[in-house]
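In my numbering, the protein residues as written are 1 to 121.
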């Protein structure tokens with residue numbers, strides 16, 4: 001694991017509600033930097049149930065930032081690295097409406113009903 005991996009994991013642990021995914025499934029981090037610091041990141045990994053599938057497991061933007069076109073730039077880099085590969089992702093709509101994925105031209109496969117969740121007290 002190099003400095004960029006440590007920096008990405010630290011960023012995700014600070015700004016993403018789920019923190020960083022397990023290092024064992026991470027294939028790569030794709031980040032945007034501003035003044036030398038990460039402001040947005042996508043994490044690509046293998047699916048936790050099917051290691052032959054590629055999944056965007058985290059999308060995270062630093063608190064207080066809005067980066068117009070940033071997610072599109074990152075996703076274009078991912079598509080270049082995984083040409084002819086099906087890329088999957090999901091949205092926990094308790095936190096967002098998942099509009100980012102339609103903007104990036106993902107096709108909605110299905111919606112699942114609400115499930116249990118844990119909260120910090």
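Cβ atoms here follow ideal geometry from the backbone N, Cα and C, with glycine treated the same way.
For residue 5, the closest C-alpha among the options 17, 57 and 27 is that of 27. Around the C-beta of residue 20, 16 or more other C-beta atoms lie within 10 Å, and the residue is accordingly described as buried. Between residue 64 and the set 70, 58 and 39, the nearest pair of CA atoms involves 39.
Residue 114 holds the alpha-carbon nearest to the alpha-carbon of residue 93 among 114, 51 and 61. Judged by DSSP secondary structure, residue 28 falls within the beta strand (DSSP E) whose first and last residues are 26-34. Uninterrupted beta strand (DSSP E) stretches at least 3 residues long and entirely within the segment 11-84 occur at 26-34, 37-46 and 54-61, given in chain order.
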